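Below you'll find the structure, written out as structure tokens, and then a few comments.
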Amino acid sequence: KTERVRDKKKILSSYQDVQHLAHAWKADYFLTNDDRLIERGGYIYSLLGVKTKFIKEKELADLK
Numbered sequence: 291k292t293e294r295v296r297d298k299k300k301i302l303s304s305y306q307d308v309q310h311l312a313h314a315w316k317a318d319y320f321l322t323n324d325d326r327l328i329e330r331g332g333y334i335y336s337l338l339g340v341k342t343k344f345i346k347e348k349e350l351a352d353l354k
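Numbering-wise, this note's numbering comes out as the position in the sequence shown, counting from 1, plus 290.
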């Protein structure tokens, strides 16, 4: 039963990541500290020709 709950959480997390990517494609920046999302999202965006840049919270101050 514990594995099923974990699987549901992974599925929900993946769904939420996809939703964030779907909404952020037209933004200049995508702010996240999730390394896995940065890697996956960067790959997906590169395939689609999306120019959105992924940045981490600590990099945000450097943009100013």
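For glycine and all other residues, C-beta sits at the position ideal for the given N, C-alpha and C. Everything numeric in this text was worked out from a predicted model, so none of it was measured.
Worksheet item: On the premise that residue 343 lies in contact with residue 318, defined as a C-beta separation below 8 Å, what is that separation, rounded to the nearest angstrom?
Response: 7 Å
Discussion item. Suppose the cutoff is 8 Å on Cβ atoms and the five residues either side in sequence are ignored; what does the same chain contact list for residue 315 look like?
Written reply: 335, 338, 340, 342
Item to complete: Could I get the ranges of all uninterrupted beta strand (DSSP E) runs contained in the stretch 314-346, with 3 residues as the minimum, in chain order?
Response: 319-321, 343-345
Worksheet item: Excluding sequence positions up to five away, which residues of its chain have a Cβ less than 6 Å from the Cβ of residue 297?
Response: none
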